[in-house]
Amino acid sequence: MPELSRRRALTAAAVVATTAGTWSASTTATAAGHHDSHGTFDEVYKGRRIQGRPAAGAGHHHHGAGYAVFVDGVELHVMRNADGTWISVVSHYDPVSTPRAAARAAVDELQGAPLLPFPAN
(Lines of atoms letter the chains of each structure in order from A; the text may use other names.)
(Lines give C-alpha, C1' and ligand atoms only; values in the text may rest on other atoms or scores of the structure.)
Protein backbone atom coordinates (compact mmCIF):
# COMPACT_ATOMS: atom_id res chain seq x y z
CA MET A 53 0.00 0.00 0.00
CA PRO A 54 1.44 3.39 -0.92
CA GLU A 55 2.53 5.66 1.86
CA LEU A 56 0.29 8.63 2.62
CA SER A 57 2.11 11.71 1.42
CA ARG A 58 1.34 15.28 2.37
CA ARG A 59 0.09 15.96 -1.16
CA ARG A 60 -2.37 13.03 -1.03
CA ALA A 61 -3.59 14.04 2.44
CA LEU A 62 -4.22 17.62 1.31
CA THR A 63 -5.96 16.45 -1.86
CA ALA A 64 -8.20 14.12 0.15
CA ALA A 65 -9.00 16.91 2.63
CA ALA A 66 -9.88 19.27 -0.23
CA VAL A 67 -12.19 16.69 -1.81
CA VAL A 68 -13.94 16.05 1.51
CA ALA A 69 -14.31 19.81 2.19
CA THR A 70 -15.68 20.46 -1.30
CA THR A 71 -18.14 17.59 -1.07
CA ALA A 72 -19.32 18.70 2.37
CA GLY A 73 -19.68 22.30 1.20
CA THR A 74 -21.64 21.29 -1.88
CA TRP A 75 -23.92 19.05 0.17
CA SER A 76 -24.47 21.79 2.77
CA ALA A 77 -25.24 24.41 0.11
CA SER A 78 -27.67 22.13 -1.70
CA THR A 79 -29.57 21.23 1.48
CA THR A 80 -29.70 24.90 2.49
CA ALA A 81 -30.99 25.86 -0.95
CA THR A 82 -33.59 23.12 -0.77
CA ALA A 83 -34.74 24.26 2.65
CA ALA A 84 -34.81 27.90 1.55
CA GLY A 85 -36.73 26.96 -1.58
CA HIS A 86 -39.49 25.34 0.44
CA HIS A 87 -42.66 27.23 -0.30
CA ASP A 88 -43.42 28.09 3.34
CA SER A 89 -40.03 29.46 4.32
CA HIS A 90 -39.32 33.02 3.20
CA GLY A 91 -36.67 34.77 5.23
CA THR A 92 -35.89 38.43 5.26
CA PHE A 93 -33.99 40.28 2.57
CA ASP A 94 -32.62 43.80 2.27
CA GLU A 95 -30.71 44.74 -0.85
CA VAL A 96 -30.23 47.39 -3.49
CA TYR A 97 -31.50 46.23 -6.87
CA LYS A 98 -30.97 48.50 -9.88
CA GLY A 99 -30.52 51.48 -7.56
CA ARG A 100 -33.70 50.79 -5.58
CA ARG A 101 -33.76 49.45 -2.02
CA ILE A 102 -35.94 46.37 -1.76
CA GLN A 103 -36.78 44.74 1.54
CA GLY A 104 -38.93 41.85 2.63
CA ARG A 105 -39.80 40.23 5.93
CA PRO A 106 -42.51 38.21 7.56
CA ALA A 107 -45.31 40.60 8.55
CA ALA A 108 -45.94 40.91 12.27
CA GLY A 109 -49.72 41.08 12.02
CA ALA A 110 -51.10 39.48 8.90
CA GLY A 111 -54.34 41.42 8.87
CA HIS A 112 -57.14 41.56 6.33
CA HIS A 113 -55.15 43.59 3.80
CA HIS A 114 -52.19 41.17 3.75
CA HIS A 115 -52.84 38.49 1.14
CA GLY A 116 -49.13 37.72 1.01
CA ALA A 117 -49.32 34.95 3.59
CA GLY A 118 -48.07 37.31 6.27
CA TYR A 119 -45.16 38.70 4.27
CA ALA A 120 -44.36 42.38 3.70
CA VAL A 121 -42.29 43.71 0.79
CA PHE A 122 -41.02 47.30 0.43
CA VAL A 123 -39.50 49.26 -2.44
CA ASP A 124 -37.68 52.39 -1.25
CA GLY A 125 -39.64 52.19 2.02
CA VAL A 126 -43.06 52.04 0.36
CA GLU A 127 -44.98 48.81 0.83
CA LEU A 128 -45.42 46.76 -2.31
CA HIS A 129 -48.67 44.84 -2.05
CA VAL A 130 -47.86 41.18 -2.74
CA MET A 131 -50.08 38.15 -2.89
CA ARG A 132 -49.37 34.47 -2.84
CA ASN A 133 -51.15 32.34 -5.42
CA ALA A 134 -52.57 28.89 -4.71
CA ASP A 135 -49.68 27.27 -6.58
CA GLY A 136 -47.11 28.95 -4.31
CA THR A 137 -46.04 31.66 -6.76
CA TRP A 138 -46.11 35.35 -5.88
CA ILE A 139 -47.50 38.41 -7.68
CA SER A 140 -47.61 42.11 -6.87
CA VAL A 141 -49.84 44.98 -7.86
CA VAL A 142 -47.08 46.19 -10.19
CA SER A 143 -46.41 42.89 -11.96
CA HIS A 144 -49.75 41.19 -11.48
CA TYR A 145 -49.62 38.99 -14.58
CA ASP A 146 -46.08 37.75 -14.09
CA PRO A 147 -45.99 35.21 -11.21
CA VAL A 148 -42.59 34.57 -9.64
CA SER A 149 -41.26 32.05 -7.15
CA THR A 150 -40.37 34.28 -4.17
CA PRO A 151 -41.26 37.64 -2.63
CA ARG A 152 -37.72 38.84 -3.47
CA ALA A 153 -38.35 37.99 -7.13
CA ALA A 154 -41.67 39.88 -6.92
CA ALA A 155 -39.84 42.96 -5.60
CA ARG A 156 -37.25 42.73 -8.37
CA ALA A 157 -39.96 42.31 -11.01
CA ALA A 158 -41.72 45.40 -9.65
CA VAL A 159 -38.51 47.44 -9.86
CA ASP A 160 -38.03 46.26 -13.45
CA GLU A 161 -41.61 47.21 -14.31
CA LEU A 162 -41.45 50.62 -12.58
CA GLN A 163 -38.45 51.63 -14.74
CA GLY A 164 -37.38 54.30 -12.23
CA ALA A 165 -40.87 55.60 -11.42
CA PRO A 166 -41.72 55.87 -7.73
CA LEU A 167 -43.93 53.24 -6.15
CA LEU A 168 -47.11 54.85 -4.89
CA PRO A 169 -48.78 53.52 -1.74
CA PHE A 170 -51.55 51.01 -2.39
CA PRO A 171 -54.77 51.96 -0.59
CA ALA A 172 -55.84 49.09 1.65
CA ASN A 173 -59.58 49.24 2.32
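The opening position of the sequence shown corresponds to residue 53 in the numbering used here, with each subsequent residue numbered one higher. All residues carry an ideal CB built from backbone N, CA and C; glycine is no exception.
Item                                                                                                                                       : Value
Suppose only complete runs of 4+ residues qualify. What are the alpha helix (DSSP H) ranges in the segment 131-169, listed by chain order? : 151-162
So, Ser140 versus Ala158, is the Cβ gap smaller than 7 Å?                                                                                  : yes
Below 7 Å between beta carbons: does that hold for Glu127 and Val142?                                                                      : no
With DSSP collapsed to three states, give me the class of Gly104.                                                                          : strand
Where do the N-terminal and C-terminal ends of the beta strand (DSSP E) with Asp124 fall, by residue?                                      : From DSSP, Asp124 is part of no beta strand (DSSP E); its letter is neither H nor E.
Pro106 to Pro166, Cα distance in whole Å?                                                                                                  : 23 Å
Report the rounded CA-to-CA distance for Lys98 versus Arg132, giving the unit in angstroms.                                                : 24 Å
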